[in-house]
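Visitor: Please see the structure below; I have some questions.
Residue numbers (this note's numbering): 6 to 575.
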């Protein structure tokens, strides 16, 4: 409001001077008359009254002017308040952060969004544009600054840019910043008002979608997307196919978009696949299907595909996504594999039958030979050469008999004949094994250290267990070192889940670096011994696996061998 004091004083002085001059002339004319005192009184009274009326008029007029001014001021304040309220409401509704930059003074004001969205306290918020630019990500700051100041020099009024803005916790949000430029009458930019919108989620979703698009485009699997199922329970039209679909079927995008997915299936789809498709459409459930399909050139191929229903964030069913793969080669390989398995199965049956027949047919002649050779034990043979031949013949015949017996055991195991289990006393079984090996034990006199104190009994197949230990002890004796006495340790321990039996010797050992992979193989020999058949360890492994157990070996050349038998507790 303008100051009215000086004009009022000037008006009063002019009016008072004018009145003074008028009364001064009147006073000169009546100064010598007898009415002069009365006239002087009325003069003063009139002056006072006229002054009062003048002031009343002036102040009344000024009051009316002030009242109008204050009414207008109140109305302006009300409009400003309403505008500010609307400004705050808009800022809250849009989650935008409003900023107001007086360019010439370099003063910036921020809305409450700078605290609500980015976490800054009032004392952290700078009042200059420098604070704004310092909180822009270093990788975006220079580019954004150049674009902004370039914009200020142009004639356009609207500006926008995307960049990363730092939050109070030193993390960054992607923002979309839009501003409106105000210029003075000379065209100089004086003020800019803008709004920063947090688009972090949109940006992350955009990056995620771009990544998914790259995956879909680059993947070797064919992908087909159709609209949601229609009222008649049939597929709606195709809305997307990736490049792999074109490579697989030969159909280009423009040939399939907007059309039904069955356009490339022809009449080759089988009824079972068709029923699964119909069921999936009706129940809106994911399914996998194998069916014959056809390429654009008429060539048929086996197609494996999944059908996946897609729902939006409102749980509304919107699309079907189908991931498809050409499995023609796999089908051919599977067919060849099945044929090969069938042939191998038949060959195995034939070989097994041959083995049974051979072992059965050989058993009787060998038994006869052994019986005949036993007769020579009671005959006196004077010819040394003949005695040597008969001895070698006995040895070979016994080895052949053992080999046939071992093969028969292996075939019985491989036939998966159920293995009977019983409670086996380890000490008693070991005593029985020693009786069978009495001749060899007496001949080689090994030192036996047996410890069954920690485990006296085990539930397993007694025959198999004794056969295993017999084989391993026989090997220890057969492959003993020549330069030291043979030491064999046998111990059994029980643990929470299994029972362990260890057989340890100080024999010549096995080179595991060379033979580890074939140590339990059929007809594998690791020493040049004439009576080695290559069946013992294979039989041992077959027997322990038939009892659901396992075997491990540790061995070093010229140091010895340790076999660890592991039996799972029942």
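Ideal Cβ placement from N, Cα and C applies to all residues, glycine included.
Considering only residues of the same chain and omitting the five flanking positions on each side of residue 486, which have a CB-CB separation below 6 Å?
Guide: These residues qualify, in order along the chain: 512 and 513.
Visitor: Excluding sequence positions up to five away, which residues of its chain have a Cβ less than 7 Å from the Cβ of residue 132?
Guide: Excluding sequence neighbours, residue 132 sits near 112 and 113.
Visitor: For a minimum of 4 consecutive residues, which ranges assigned as the alpha helix (DSSP H) are wholly contained in the region 249–332?
Guide: Fully enclosed alpha helix (DSSP H) runs of 4 or longer: 258–261 and 276–288.
Visitor: Between which residues of its own chain and residue 428 is the CB-CB distance below 7 Å, once the five residues before and five after are set aside?
Guide: Cβ within range, chain order: 462 and 464.
Visitor: Using the C-alpha atoms, what's the distance from residue 211 back to residue 163?
Guide: Between residue 163 and residue 211, the C-alpha separation is close to 25 Å.
Visitor: Please report the residue range of the beta strand (DSSP E) in which residue 568 lies.
Guide: Looking at the DSSP string, the run of the beta strand (DSSP E) that includes residue 568 is 565–573.
Visitor: Please state whether DSSP places residue 525 in a helix, a strand or coil.
Guide: In this structure, residue 525 counts as coil in the three-state DSSP scheme.
Visitor: In three-state terms, what does DSSP make of residue 126?
Guide: In the structure shown, residue 126 sits in coil (DSSP, three-state: anything other than H, G, I, E or B).
Visitor: Assuming the contact rule is C-beta atoms closer than 8 Å, residue 2 and residue 572 should be a hit. Round their C-beta distance to whole Å, please.
Guide: What the structure shows of the chain is the stretch from 6 to 575, and residue 2 is not part of that stretch, so it cannot be assessed.
Visitor: Would you tell me roughly how many angstroms separate the C-alpha atoms of residue 322 and residue 229, rounded to the nearest one?
Guide: Their backbone Cα atoms lie some 17 Å apart in a straight line.
Visitor: Could you check if residue 170 is buried or exposed, using at least 16 other CB atoms within 10 Å of its CB as the buried criterion?
Guide: It is buried - the Cβ of residue 170 has at least 16 other Cβ atoms within 10 Å.
Visitor: In this structure, what does DSSP give as the bridge partners for residue 509?
Guide: Bridge partners of residue 509: 494 and 567.
Visitor: Look at the alpha carbon of residue 19 and the alpha carbon of residue 12, and state the distance between them as a whole number of angstroms.
Guide: In a straight line, the C-alpha of residue 19 is about 11 Å away from that of residue 12.
Visitor: Can you tell me the Cα-Cα spacing of residue 61 and residue 74, whole angstroms?
Guide: Going by the C-alpha atoms only, they are around 19 Å apart.
Visitor: When the distance is taken between beta carbons, is residue 194 closer than 8 Å to residue 153?
Guide: For residue 153 and residue 194, no; Cβs fall outside 8 Å.
Visitor: Taking the Cβ atom as the reference point for each residue, do residue 515 and residue 566 lie within a distance shorter than 8 Å?
Guide: Going by C-beta atoms, residue 515 is nearer than 8 Å to residue 566.
Visitor: Which word fits residue 316, buried or exposed, when buried means at least 16 other C-beta atoms lie within 10 angstroms of its C-beta?
Guide: Residue 316 comes out exposed.
Visitor: Can the beta-carbon of residue 182 be found closer than 8 Å to that of residue 166?
Guide: Contact: yes.
Visitor: Sort 143, 480, 313 and 106 by Cα distance to residue 442 and report the nearest one.
Guide: When only C-alpha atoms are compared, the closest one is 480.
Visitor: Which stretch, first to last residue, makes up the beta strand (DSSP E) that contains residue 555?
Guide: Run containing residue 555: 555–561, per the beta strand (DSSP E) assignment.
Visitor: Does residue 556 pass the burial test, meaning 16 or more other C-beta atoms within 10 Å, or should it be called exposed?
Guide: Flag for residue 556 reads buried.
Visitor: Considering only DSSP beta bridges, list what residue 228 is partnered with.
Guide: Answer is 328, bridged to residue 228.
Visitor: Does the beta-carbon of residue 254 have 16 or more other beta-carbons within 10 angstroms, so that it is buried, or is it exposed?
Guide: Residue 254 comes out buried.
Visitor: Can you tell me which of 108, 561, 224 and 250 puts its alpha carbon nearest to the alpha carbon of residue 519?
Guide: Per the Cα distances, 561.
Visitor: Using CA atoms only, rank isn't needed, just tell me which of 23, 206 and 558 is closest to residue 180.
Guide: The shortest C-alpha separation from residue 180 is found at 206.
Visitor: If you check the beta carbons only, do residue 453 and residue 493 fall under 8 Å apart?
Guide: For residue 453 and residue 493, yes; Cβs fall inside 8 Å.
Visitor: Considering only residues of the region 420–467, which uninterrupted alpha helix (DSSP H) runs meet the minimum length of 4 residues and lie entirely inside it, listed in chain order?
Guide: List check, alpha helix (DSSP H) in window: 431–441 and 443–449.
Visitor: Using only the alpha-carbon positions, how far apart do residue 470 and residue 451 sit?
Guide: If I take the Cα positions, the gap works out to 21 Å.
Visitor: Go ahead and pull the three-state DSSP assignment for residue 196.
Guide: If DSSP states are grouped into helix, strand and coil, residue 196 belongs with the strands.
Visitor: Here's the rule: buried if 16 or more other CB atoms are within 10 angstroms of the residue's CB, otherwise exposed. What is residue 190?
Guide: With fewer than 16 other Cβ atoms within 10 Å, it is exposed.
Visitor: If we ignore side chains and look at the alpha-carbon of each, how far apart do residue 271 and residue 256 end up?
Guide: Low local confidence applies: a pLDDT of 49 at residue 271 is under 50, so the model's placement there is unreliable, and no value is given.
Visitor: Which of the three DSSP states, helix, strand or coil, is assigned to residue 102?
Guide: Of the three classes helix, strand and coil, the one that applies to residue 102 here is strand, per DSSP.
Visitor: Compute the Euclidean distance between the alpha carbons of residue 123 and residue 186, then round it to the nearest angstrom.
Guide: Distance between the alpha carbons of residue 123 and residue 186 is about 24 Å.
Visitor: On the DSSP bridge list, what partners appear for residue 164?
Guide: Looking at the DSSP assignment, residue 164 forms a beta bridge with 184.
Visitor: Kindly indicate which residue of 439, 215, 350 and 225 has the alpha-carbon position closest to the one of residue 247.
Guide: When each option's Cα is compared against that of residue 247, the closest is 225.
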